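Visitor:
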Amino acid sequence: MKKILSLRNFLYIDILILLVLIFYKSYLFIYESDFQSNNIENIKEIKKMDTTNDFTFVVLGNIENSIDVFNKKMITKINSDKDVDFLISTGDAVLDGAEDKYRILNKSLNKLNIPSVLAIGDNEVSDEGDERFYRHFGPFYFSFALEDSYFVFLDTTGKTSIPWQKEWLTKELKNAKNYKYKYIFMNNAPFKIKEDTFLKSKEHFITDQSYRDFLIDIYSRYNVTAVFTTGPEIYESRQIKGVNYFVSGGGGGGLLTDRPNSFYHYMKVDVKPSGVSYSVVKQETPAKYALTRRLESLWIYIHSFFYINFINFILVISVLLFFAIAIHIRATKEVDYYKNFNESAEHIPTKDKLNIAMFTNNYLPFIGGVPISIWRLVKGLKNRGHNVYIFAPEYPGKVTNDESNIIRCKLLKYLKTKQFKFAIVNIFSSNIEKNFSKYDFDVVHVHHPFWLGATGLKLGKKYKIPVVLTYHTRLEKYSHFLPCFKLIFKNILSHKIIRRFSQSCNAIIAPTNTAKQYLENIGVSRDKFVLPTGIDFDYYNNIDKEQLINIGKKYKTNGEILLCSVSRLSKEKNIYFLLKAIKYIKENTDISFRCIIIGNGPEKDNILQFIKDESLEDTVSLLGSIPPEDIPKYYMVSDIFVFSSLSETQGMVLLEAMAGGDPVVAVRSSGIDDIIQDNYNGFKTKEEIDDLAQKVILLMENQYLLKEMSANAYGFSERFSLDKMAERVEKAYYKSIKEKKIYNSPNENN
41 MKKILSLRNF LYIDILILLV LIFYKSYLFI YESDFQSNNI ENIKEIKKMD
91 TTNDFTFVVL GNIENSIDVF NKKMITKINS DKDVDFLIST GDAVLDGAED
141 KYRILNKSLN KLNIPSVLAI GDNEVSDEGD ERFYRHFGPF YFSFALEDSY
191 FVFLDTTGKT SIPWQKEWLT KELKNAKNYK YKYIFMNNAP FKIKEDTFLK
241 SKEHFITDQS YRDFLIDIYS RYNVTAVFTT GPEIYESRQI KGVNYFVSGG
291 GGGGLLTDRP NSFYHYMKVD VKPSGVSYSV VKQETPAKYA LTRRLESLWI
341 YIHSFFYINF INFILVISVL LFFAIAIHIR ATKEVDYYKN FNESAEHIPT
391 KDKLNIAMFT NNYLPFIGGV PISIWRLVKG LKNRGHNVYI FAPEYPGKVT
441 NDESNIIRCK LLKYLKTKQF KFAIVNIFSS NIEKNFSKYD FDVVHVHHPF
491 WLGATGLKLG KKYKIPVVLT YHTRLEKYSH FLPCFKLIFK NILSHKIIRR
541 FSQSCNAIIA PTNTAKQYLE NIGVSRDKFV LPTGIDFDYY NNIDKEQLIN
591 IGKKYKTNGE ILLCSVSRLS KEKNIYFLLK AIKYIKENTD ISFRCIIIGN
641 GPEKDNILQF IKDESLEDTV SLLGSIPPED IPKYYMVSDI FVFSSLSETQ
691 GMVLLEAMAG GDPVVAVRSS GIDDIIQDNY NGFKTKEEID DLAQKVILLM
741 ENQYLLKEMS ANAYGFSERF SLDKMAERVE KAYYKSIKEK KIYNSPNENN
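Heads up: the sequence shown begins at 41 in the working numbering, then just goes up one per residue.
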């Protein structure tokens with residue numbers, strides 16, 4: 041027993057270390073100054089220079105967050121060279137695409153006295169880094185002109201369609217034909233490069249032979265001056281069909297073995313009216329012999345890695361230690377899962393009115409899927425005569441129209457960042473239990489498996505009240521919000537959290553059969569009820585027709601087909617995929633249409649920029665947040681509902697849209713698989729742009745099919761009225777109350 045107590049104390053110390061480190065990482069992630077569109081801003085600075093066709097720029101690749109070489113030595117040397125006007129990286133400037141790597145790179149670049157422009161590389165897009173590159177630096181492929189020079193940057197990572205980029209490059213080189221000098225910057229070379237290294241195994245050239253041939257031919261045809269690529273950690277130059285090619289990959293990454301042309305360096309390109317000259321500036325290292333050179337290269341790589349990842353390394357050790365101790369304590373604790381025969385097994389009569397406590401981490405006036413789902417359930421339960429009290433966060437300066445049944449909990453902090461807004465309740469306040477104990481609750485209903493939801497579970501256990509959880513959210517889809525350990529959370533911790541919490545409850549409400557199957561797959565053995573959120577048809581039946589006409593006049597001016605989507609504007613909602621599909625539709629049909637997107641979120645500014653970049657301003661309108669009671673008006677005016685989110689546990693907005701008579705075209709996922717009946721009330725598609733777009737085009741170009749599916753969608757939605765859903769939840773409550781009396785409470789997470 042003493043040994044277990046000693047281990048528990050050690051576990052608490054480990055948890056404290058974890059919390060401190062996570063707080064530190066979170067602090068850096070949230071409060072460090074953010075940076076956006078650096079390439080655009082730096083190109084503006086470059087264009088302001090008074091060069092008169094006489095300027096010098098530096099080119100290098102494979103910086104890889106180098107501390108010893110790039111950060112400490114090369115930047116100092118470049119800053120001391122007064123002839124250099126700006127710097128260009130050909131890619132792989134970060135070790136990987138994680139947010140902390142981008143922030144460390146930004147700190148290094150800020151030490152430069154000159155502007156810098158970055159091409160995208162394979163490292164930049166790894167670990168879902170492509171969206172971070174777009175946010176922090178800008179588009180994946182772009183160009184700019186300076187005096188009589190034209191600079192073109194390509195994306196060789198595979199994130200941009202090759203046919204699309206071919207067409208774009210051809211147009212760019214045609215536009216640049218009157219410029220004296222033309223430079224191309226790309227991460228992977230358009231020719232094969234031999235590479236031997238024990239640190240990495242990676243092909244630093246474009247593998248598509250036909251694309252390589254195309255690039256070499258078009259560069260020659262348009263008299264490109266020079267092509268700069270990253271390649272492996274070497275320097276190499278060659279001439280192909282009259283074009284100069286340079287491989288410059290010695291910006292800081294680990295050097296190759298037994299390669300005399302593998303050394304740390306950068307290139308200086310001097311541009312003058314009389315011509316262009318190229319020189320290589322070596323960054324000398326102390327190592328003179330092969331063995332010491334090899335060891336030094338390895339040390340520099342390892343040192344940079346641990347310098348950047350030190351906090352992550354400590355976190356990993358702490359997490360592993362936490363699991364080791366927790367498993368040991370769990371393995372040595374006795375458990376009993378059998379029925380308690382000391383309890384009375386007689387029939388438990390149901391009460392006409394239940395007192396229900398709900399706990400949620402967010403609620404109205406915060407607009408989101410969970411608050412709206414809770415509000416509807418509460419309305420349905422109250423209509424059936426039950427008393428419902430909601431323990432929810434208070435929001436500074438904001439209240440709802442009816443606060444009579446809401447117990448607002450004081451906050452530790454109202455966290456507002458560009459990524460999200462979150463009211464963090466002070467769950468340590470004694471007022472929560474004080475308010476809870478005032479009522480004789482029959483059941484506790486929690487809506488999140490952590491924080492205030494955990495408080496509700498704790499109180500339910502303490503007062504021997506059954507606890508029901510609604511599984512609303514796919515936690516793994518929110519891993520990108522974390523400053524570190526995204527993959528561990530996505531693939532392991534998120535599922536462990538759901539399973540552990542669910543096993544501590546008496547029953548689980550899953551909004552779809554797919555969600556129920558997921559819970560079974562991760563090992564949840566508690567009672568599970570499939571109960572989607574009900575639809576409040578009052579909002580559809582009591583709408584002023586004049587309001588519908590006004591919305592139609594605004595968005596269907598010339599009788600266009602109106603597409604609609606409702607979604608929070610955040611990464612996990614897959615909005616960029618939807619916008620790409622809209623562009624595909626626009627380019628592949630003559631039918632006039634518009635698309636409205638209802639919702640707000642941290643990605644709004646980036647999405648607006650994306651809409652502008654893709655020339656969709658006349659097609660797509662972001663309407664922002666609209667009160668839930670007004671959204672049905674837009675469903676009723678729209679013709680087709682489109683949806684691309686993969687993070688839903690239920691397709692609540694899909695049912696709402698169907699209630700407005702809209703057939704739904706959506707990417708197949710756990711949240712929509714049970715809602716859409718293919719070829720009946722809509723279409724389920726693969727996560728492929730052309731698949732979703734073609735289904736929308738099919739409906740747009742076939743009015744009879746559109747009308748038939750619209751009627752089917754409305755008929756299907758009638759099965760999910762508010763009252764019907766509330767009645768089924770009520771039955772789940774009664775069953776949980778009855779079984780709580782007969783069986784032991786789950787006192788161990790099996």
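Where a beta carbon is used, it is the ideal one built from N, C-alpha and C, also for glycine. Note that the coordinates shown come from a computational prediction; the quantities given were computed from them, not determined experimentally.
Buried or exposed for D90, please, with buried defined as at least 16 other CB atoms from any protein chain shown within 10 angstroms of its CB.
Guide: For the purposes of this step, residue 90 is taken as residue 50 along the sequence shown, with counting starting at 1. Its Cβ having fewer than 16 others within 10 Å, D90 is exposed.
Visitor: Could you say which of S166, P523, D731, W415 lies nearest to D140 if we only look at CA atoms?
Guide: Numbered from its first residue, the sequence shown carries residue 140 at position 100. Comparing Cα-Cα distances from D140 to each of S166, P523, D731, W415, the minimum goes to P523.
Visitor: Could you check if N582 is buried or exposed, using at least 16 other CB atoms within 10 Å of its CB as the buried criterion?
Guide: Reading the sequence shown from its first residue, position 542 is the one you call residue 582. It is exposed - the Cβ of N582 has fewer than 16 other Cβ atoms within 10 Å.
Visitor: By the 10 Å Cβ neighbour count, where 16 or more other Cβ atoms means buried, how is E104 classified, buried or exposed?
Guide: Your numbering for residue 104 matches position 64 in the sequence shown. The residue is buried, with at least 16 neighbouring Cβ atoms inside 10 Å.
Visitor: If we call anything under 9 Å between Cβ atoms a contact, is V157 one with I224?
Guide: The count along the sequence shown starts at 1 and reaches residue 157 at position 117. The count along the sequence shown starts at 1 and reaches residue 224 at position 184. Not in contact: V157 and I224 (Cβ atoms no closer than 9 Å).
Visitor: How many angstroms separate the CA atom of T325 from the CA atom of T270?
Guide: Residue mapping note: residue 325 aligns to position 285 of the sequence shown, counting from 1. Residue mapping note: residue 270 aligns to position 230 of the sequence shown, counting from 1. Taking the straight line joining both Cα atoms gives about 21 Å.
Visitor: Pairing CB atoms from the stretch 567 to 579 with CB atoms from the stretch 596 to 611, are three or more of them under 8 Å?
Guide: Touching, no, given that fewer than three Cβ pairs across the two stretches are closer than 8 Å.
Visitor: Tell me which residue opens and which closes the alpha helix (DSSP H) that S534 is part of.
Guide: Position 494 of the sequence shown, counted from the start, is the residue given in the question as residue 534. Its alpha helix (DSSP H) spans residues 534 to 544.
Visitor: Candidates A463, V693, G420: which alpha carbon is nearest P436's?
Guide: Start at 1 with the first residue of the sequence shown, and residue 436 comes out as number 396. Comparing Cα positions, the closest option is A463.
Visitor: Anyone know if the C-beta pair for V124 and I154 falls short of 9 Å?
Guide: Here the question's residue 124 lines up with position 84 in the sequence shown. Here the question's residue 154 lines up with position 114 in the sequence shown. Yes.
Visitor: I believe R566 touches N546 by the beta-carbon criterion, under 8 Å. Please report the beta-carbon distance rounded to the nearest angstrom.
Guide: The residue given as residue 566 occupies position 526 in the sequence shown. The residue given as residue 546 occupies position 506 in the sequence shown. Contact holds; Cβ gap of about 7 Å.
Visitor: Throw me the rounded Cβ distance for the L571 and D482 pair, which I believe falls under 8 Å.
Guide: Taking the sequence shown and counting its residues from 1, one reaches residue 571 at position 531. Taking the sequence shown and counting its residues from 1, one reaches residue 482 at position 442. Contact doesn't hold; Cβ gap of about 18 Å is too wide.
Visitor: Within its chain, find whatever has a CB closer than 6 Å to the CB of Q587; leave out the 5 residues flanking it on each side and keep chain order.
Guide: Here the question's residue 587 lines up with position 547 in the sequence shown. The answer, listed in chain order, is K673.
Visitor: Would you mind listing the beta strand (DSSP E) stretches within the stretch 225 to 281 that are 3+ residues and don't spill past its ends, in chain order?
Guide: You should have 266 to 269, 275 to 280.
Visitor: Mind checking who C604 pairs with in its DSSP beta bridge?
Guide: Here the question's residue 604 lines up with position 564 in the sequence shown. Paired residues: I636, F681.
Visitor: Which of the three DSSP states, helix, strand or coil, is assigned to Y306?
Guide: Within the sequence shown, the letter at position 266 stands for residue 306. Strand, per DSSP.
Visitor: Taking 8 Å as the limit between beta carbons, can you name the residues of its chain near I538, skipping five residues before and five after?
Guide: Mapped onto the sequence shown, residue 538 falls at position 498. So the qualifying residues of the chain are P489, Y511, L515, L559, I562, V564.
Visitor: Classify G574: buried if its beta carbon has 16 or more other beta carbons within 10 angstroms, exposed otherwise.
Guide: Looking up residue 574 in the sequence shown gives position 534. Under this definition G574 is a buried residue.
Visitor: Using 9 Å as the threshold, is the C-beta distance between V484 and L492 below it?
Guide: Against the sequence shown, residue 484 aligns to sequence position 444. Against the sequence shown, residue 492 aligns to sequence position 452. Their beta carbons are not under 9 Å apart, which means V484 does not touch L492 by this criterion.
Visitor: Measure from the alpha carbon of L213 to the alpha carbon of each residue in L56, F191, G425, I160, then state which is nearest.
Guide: By one-based count along the sequence shown, residue 213 stands at place 173. Comparing Cα-Cα distances from L213 to each of L56, F191, G425, I160, the minimum goes to F191.
Visitor: What I want to know is whether the C-beta of I154 ends up closer than 8 Å to one or more non-hydrogen atoms of the ligand MG.
Guide: Among the components of this structure there are no ligands whatsoever, and the ligand MG is therefore not found.
Visitor: Taking the CB atoms as reference points, tell me whether V99 and Y221 lie closer together than 9 Å.
Guide: In the sequence shown, counting from the first residue as 1, residue 99 sits at position 59. In the sequence shown, counting from the first residue as 1, residue 221 sits at position 181. No, they are not a contact pair.
Visitor: Does P794 come out as helix, strand or coil in the three-state DSSP assignment?
Guide: With the chain covering only 41 through 790, there is no way to say anything about residue 794.
Visitor: Closest to K747 by C-alpha separation, out of A766, V769, Q734, V704, would be which residue?
Guide: Mapped onto the sequence shown, residue 747 falls at position 707. Minimum Cα distance to K747 is reached at V704.
Visitor: Mind checking which residues open and close the beta strand (DSSP E) that includes K724?
Guide: Here residue 724 refers to the residue found at position 684 when the sequence shown is read from its first residue. Here the beta strand (DSSP E) through K724 covers 722 to 725.
Visitor: Taking S469 as the reference, give the member of S201, K450, K461, W415 with the closest Cα.
Guide: Taking the sequence shown and counting its residues from 1, one reaches residue 469 at position 429. Ranking the options by Cα distance to S469, first place goes to K450.
Visitor: For the structure I just gave you, are there three or more beta carbon pairs, one from the stretch 681 to 698 and one from the stretch 612 to 621, closer than 8 Å?
Guide: Cβ pair count under 8 Å is three or more, so yes.
Visitor: By the DSSP assignment, the alpha helix (DSSP H) with T149 in it spans what residues?
Guide: Walking along the sequence shown from the start, residue 149 turns up at place 109. Reading the sequence as shown, one finds Leu at residue 149 and not Thr. Start and end: 139 to 150.
Visitor: With distances taken from CA atoms, which of Q323, E669, Y675, I622 is nearest I651?
Guide: Residue 651 sits at position 611 when you count from the first residue of the sequence shown. Answer by Cα proximity: I622.
Visitor: On the three-state DSSP scale, how would you describe I398?
Guide: For this step, residue 398 is matched to residue 358 along the sequence shown. Here residue 398 is Met; the residue named in the question, Ile, does not match the sequence. M398 falls in the strand class under three-state DSSP.
Visitor: Do F184 and S77 have their CB atoms nearer than 9 Å?
Guide: Position 144 of the sequence shown, counting from 1, holds the residue named residue 184. Position 37 of the sequence shown, counting from 1, holds the residue named residue 77. Taking 9 Å as the cut-off, the beta carbon of F184 is found no closer than this to the beta carbon of S77.
Visitor: To the nearest angstrom, how far is the alpha carbon of K724 from that of V707?
Guide: Residue 724 sits at position 684 when you count from the first residue of the sequence shown. Residue 707 sits at position 667 when you count from the first residue of the sequence shown. Approximately 6 Å between the Cα atoms of the pair.
Visitor: Who does T510 pair with in a DSSP beta bridge?
Guide: Locating residue 510 in the sequence shown gives position 470, counting from the first residue. I549.
Visitor: My output table needs one value for S776: the three-state DSSP class, helix, strand or coil.
Guide: By one-based count along the sequence shown, residue 776 stands at place 736. Here S776 sits in helix by DSSP.
Visitor: Ordered along the chain, which non-local residues of its own chain (more than five positions away) have a Cβ less than 6 Å from that of K775?
Guide: Here residue 775 is taken as the residue at index 735 of the sequence shown, counted from 1. None.
Visitor: Once the 5 residues before and after E654 are set aside, which same chain residues still bring their CB inside 6 Å of it?
Guide: In the sequence shown, residue 654 corresponds to position 614, counting from 1. Taken in chain order, the residues that qualify are K623.
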